[in-house]
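Contents: one structure, followed by commentary.
Residue numbers (our numbering): 1 to 292.
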C-alpha cells in the first residue's frame, strides 16, 4: 500500500502517514519511508531484470524528465529516465533509471551494446547508443507537430504542415480500425498512403525554408523536421515502428505529478529506489494488473 500510494497515486508519504493516523493507527513519515526503501531493496532484482528484458527488445521507447534531489544546503537536479517496450504478446514492459545528470551515461548503461530501434526525441544524449553502430534512431512526429502548432500564432501557413501530419495519423487510425497494426498489411498501408504524404511534406518544407527566418517559430520547426527527416521516416519501411514517442512521455506523466506533489527525493539512493518501484507499478498498470 505504501508503494502504490506513492508510485501510483503520487501521494507524499507524510500525507499517507496523516491518513493512517486518522484511522487510529499511530504512524510517522520516517516509518513509511523505511518501508518504502525496504520494498525497493527486496524488489531490486525484479526491477533490474525488467530493464534487461527491455534492453533485449527490438523496439525501445525512451525519454527523461528532471527530478530534484535534496542536498545539505540546496537542491540538485537529477533525472528520471524511462525505457519501455511492447512484447509480441502485446504486454508493455516499463523500466526507469535515476541519475544525477542528463549525460549519455544512463542510456549507455541500459542500452549499450544492444541492437534494434530506439524511439526518442532529438536529444543528443541518446547518440551514444544510436551512432554509429548502435540502435537505429526513430523520430517523434508528436514533437514535430508541437513545433508547427506553436508556430501557428505568427505563421498561419504552419497549418499546411499540420494537415500533412494529420494525414499520417489517419493512416495509423485506419490500421487500428482494420486490426492490422504491426503486420505486413500495416506496412503496405504506410507505403501506399503515408509515403506520398511524406513526399509532399518534404517538398513543402524545402519550399518554405528560405521564406522564414531561421530563428522564427516556423523557421525552427522546419529546420527541426528537416534535420530529423531520416529518423522521422523510418516507420514507413517497418510496421513495428511507431510514429511518435508518446508512450514514453505518458510513462513519465505520473512521475511529473509525483514531482509536483512531493517536490524532490531525499538523496540519490532514494531516487534509484523510486525508479525501481515506479517500474513495477507502471508495468502492472499498463497491463491491467492491480499493483497493490
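Ideal Cβ placement from N, Cα and C applies to all residues, glycine included.
Here the structure is a predicted model, which means the values were calculated and not measured.
{"Asked": "Whole runs of the alpha helix (DSSP H) within the stretch 198–262, excluding any shorter than 4 residues", "Found": "217–227, 229–232 and 246–262"}
{"Asked": "Where residue 80 sits in the DSSP three-state scheme", "Found": "strand"}
{"Asked": "Residue 145, enclosing alpha helix (DSSP H) - first and last residue", "Found": "141–151"}
{"Asked": "Cβ shell of residue 167 (< 6 Å), same chain only, five flanking positions each side left out", "Found": "197"}
{"Asked": "Residue 211 burial status per 10 Å Cβ neighbour count (16 or more: buried)", "Found": "exposed"}
{"Asked": "Length at least 4, wholly inside the stretch 27–79: the alpha helix (DSSP H) runs in chain order", "Found": "29–55"}
{"Asked": "Rounded straight-line distance, which links the Cα of residue 257 to that of residue 267", "Found": "19 Å"}
{"Asked": "Reduced DSSP category for residue 276 - H, G, I as helix; E, B as strand; rest coil", "Found": "helix"}
{"Asked": "Extent of the continuous alpha helix (DSSP H) to which residue 5 belongs", "Found": "2–7"}
{"Asked": "Buried/exposed call for residue 106, threshold 16 Cβ in 10 Å", "Found": "buried"}
{"Asked": "Assumed close pair residue 43, residue 95 - CB separation to whole angstroms, cut-off 8 Å", "Found": "Contact doesn't hold; Cβ gap of about 13 Å is too wide."}
{"Asked": "Beta-carbon contacts of residue 142 that lie in its chain and below 8 Å, excluding the five residues immediately before and after", "Found": "243, 244, 245, 246 and 249"}
{"Asked": "Residue from 149, 2 and 274 with nearest C-alpha to residue 98", "Found": "274"}
{"Asked": "Beta-carbon separation (whole angstroms), residue 239 vs residue 159, contact threshold 8 Å", "Found": "Going by Cβ atoms, the distance from residue 239 to residue 159 rounds to 29 Å, so no, they are not a contact pair."}
{"Asked": "Bridge partners - residue 85, DSSP secondary structure assignment", "Found": "93"}
{"Asked": "Distance, residue 128 Cα to residue 280 Cα", "Found": "27 Å"}
{"Asked": "Cα-Cα separation, residue 153 to residue 222", "Found": "15 Å"}
{"Asked": "Enclosing beta strand (DSSP E) for residue 137 [first to last residue]", "Found": "136–138"}
{"Asked": "Where the alpha helix (DSSP H) through residue 119 begins and ends", "Found": "Segment 117–119 is the beta strand (DSSP E) holding residue 119; no alpha helix (DSSP H) there."}
{"Asked": "Cα-Cα separation between residue 179 and residue 173, rounded to whole angstroms", "Found": "10 Å"}
{"Asked": "Span of the alpha helix (DSSP H) around residue 169", "Found": "158–177"}
{"Asked": "Cβ-Cβ distance between residue 10 and residue 215 below 9 Å", "Found": "no"}
{"Asked": "Residue 14, enclosing alpha helix (DSSP H) - first and last residue", "Found": "13–22"}
{"Asked": "Run of the alpha helix (DSSP H) containing residue 189, from where it starts to where it stops", "Found": "184–189"}
{"Asked": "Identified DSSP bridge partners for residue 265", "Found": "69"}
{"Asked": "Closest residue to residue 237 among 264, 182 and 259 (Cα-Cα distance)", "Found": "182"}
{"Asked": "Residues near residue 125 in its chain [Cβ-Cβ closer than 7 Å; skip 5 each side]", "Found": "102, 103, 104 and 107"}
{"Asked": "Nearest-angstrom beta carbon gap, residue 161 and residue 138 [assumed within contact, 8 Å]", "Found": "That belief does not hold up - the Cβ atoms of residue 138 and residue 161 are roughly 20 Å apart, past 8 Å."}
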